[in-house]
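So, in structure tokens, the structure goes:
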């Protein structure tokens with residue numbers, strides 16, 4: 001049996017034949033895979049003409065990988081899932097404060113295994129610990145929910161997106177994390 005191929009957004013798969021375009025995994029919606037072709041320059045200096053985005057089943061993409069001998073050549077900066085981002089922040093802050101998992105668990109009144117689950121994104125109740133974590137590490141709770149609040153970026157939003165953001169901003173910290181996890185689960189199915 002062939003080894004299982006883990007596919008994630010941001011991966012760039014390069015086939016052995018350098019005339020075949022690379023494939024950038026864009027998204028994994030509803031058990032399928034969206035990818036974009038990345039033209040490769042031929043030995044004569046001209047890029048291949050194939051471009052565009054495609055949506056295929058995971059099994060078809062995995063078969064293409066096996067048939068072309070493709071390998072991951074690069075992982076672009078794809079946005080990690082909110083639970084994964086939260087897990088990284090907790091682990092980073094714990095280490096920055098020179099604490100081991102048992103010490104953090106003691107400070108929060110939890111077991112060491114609960115901290116391990118929190119730091120790997122395997123817990124569904126991380127939101128109730130955010131205020132204690134923020135107080136312990138002396139950071140705003142918003143840091144755990146996606147970064148510092150004063151970071152700015154410009155992006156055109158539809159009316160629906162603006163309404164969703166407005167509603168999201170009215171939620172409590174705990175509800176925001178619930179919504180992020182819900183959206184993450186729905187995006188995967």
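In the UniProt record's numbering, the protein residues as written are 1 to 189.
The C-beta atom is built at its ideal place from N, Cα and C for all residues, glycine as well.
All figures in this text were calculated on a predicted structure; none of them were measured in a lab.
- Going by other Cβ atoms of all chains shown within 10 Å of its Cβ, with 16 needed for buried, is residue 109 buried or exposed? Sequence index remark: in the chain shown, residue 109 carries index 109 (1-based). Result: exposed.
- prompt: For residue 176, which option in 118, 145 and 15 has the closest C-alpha, if you only look at C-alpha atoms?
  reply: One-based indexing of the chain shown puts residue 176 at position 176. The candidate whose alpha carbon is nearest that of residue 176 is 145.
- Task: Drop a sphere of 10 angstroms on the beta-carbon of residue 119, count the other beta-carbons inside from all chains shown, and report buried for 16 or more, exposed for fewer.
- Result: Along the chain shown, read from residue 1 onward, the residue named residue 119 stands at position 119. Buried, since its Cβ has 16 or more Cβ neighbours within 10 Å.
Cβ shell of residue 74 (< 6 Å), same chain only, five flanking positions each side left out:
Numbered from its first residue, the chain shown carries residue 74 at position 74. Excluding residues within five positions, the ones whose Cβ falls inside 6 Å are 12.
Is there contact between the region 137 to 144 and the region 88 to 104, where contact requires at least three CB pairs shorter than 8 Å?
Three or more Cβ pairs drawn from the region 137 to 144 and the region 88 to 104 lie within less than 8 Å of each other, which places the two stretches in contact.
**Report entry** DSSP-derived helix/strand/coil call for residue 179
**Finding:** Counting from one through the chain shown, the residue named residue 179 turns up at place 179. Helix, per DSSP.
key: Start-to-end residues for the alpha helix (DSSP H) that takes in residue 163   = Indexing the chain shown from 1 puts residue 163 at position 163. It spans 159 to 170 - the alpha helix (DSSP H) in which residue 163 sits, taken as one unbroken run.
I need the boundaries of the alpha helix (DSSP H) containing residue 113, first residue and last residue. For the purposes of this step, residue 113 is taken as the residue at position 113 of the chain shown. Counting along the chain, the alpha helix (DSSP H) containing residue 113 begins and ends at 112 to 119.
For residue 115 and residue 126, believed in contact at Cβ under 8 Å, the rounded distance: For the purposes of this step, residue 126 is taken as residue 126 along the chain shown, with counting starting at 1. For the purposes of this step, residue 115 is taken as residue 115 along the chain shown, with counting starting at 1. Their Cβ separation, rounded to whole angstroms, is 11 Å, which puts residue 126 and residue 115 out of contact at 8 Å.
Exercise. What residue from 156, 18, 67 and 157 has the CA that sits closest to residue 39's CA?
Worked result: In the chain shown, counting from the first residue as 1, residue 39 sits at position 39. Of 156, 18, 67 and 157, the residue nearest in Cα terms is 18.
Q. Exposed or buried, what is residue 98 when buried is set at 16 or more other beta-carbons lying within 10 Å of its beta-carbon?
A. Position 98 of the chain shown, counting from 1, holds the residue named residue 98. The residue in question, residue 98, is exposed, as its Cβ has fewer than 16 Cβ neighbours within 10 Å.
Q) Quick one, are the C-beta atoms of residue 25 and residue 15 less than 7 Å apart? A) Taking the first residue of the chain shown as 1, we reach residue 25 at position 25. Taking the first residue of the chain shown as 1, we reach residue 15 at position 15. Using a Cβ distance threshold of 7 Å, residue 25 and residue 15 do not count as a contacting pair.
Do you know offhand how far residue 94's Cα is from residue 132's? Against the chain shown, residue 94 aligns to sequence position 94. Against the chain shown, residue 132 aligns to sequence position 132. Between residue 94 and residue 132, the alpha-carbon positions lie close to 13 Å from each other.
_Taking the alpha helix (DSSP H) that residue 68 belongs to, which residues open and close that run?_
By 1-based counting over the chain shown, the position of residue 68 is 68. First-last of the alpha helix (DSSP H) with residue 68: 58 to 68.
(request) Using only alpha-carbon positions, find the residue among 163, 169 and 85 that is nearest to residue 184. (result) Here residue 184 is taken as the residue at index 184 of the chain shown, counted from 1. Selection 163, 169 and 85 evaluated against residue 184 yields 85 as nearest (Cα-Cα).
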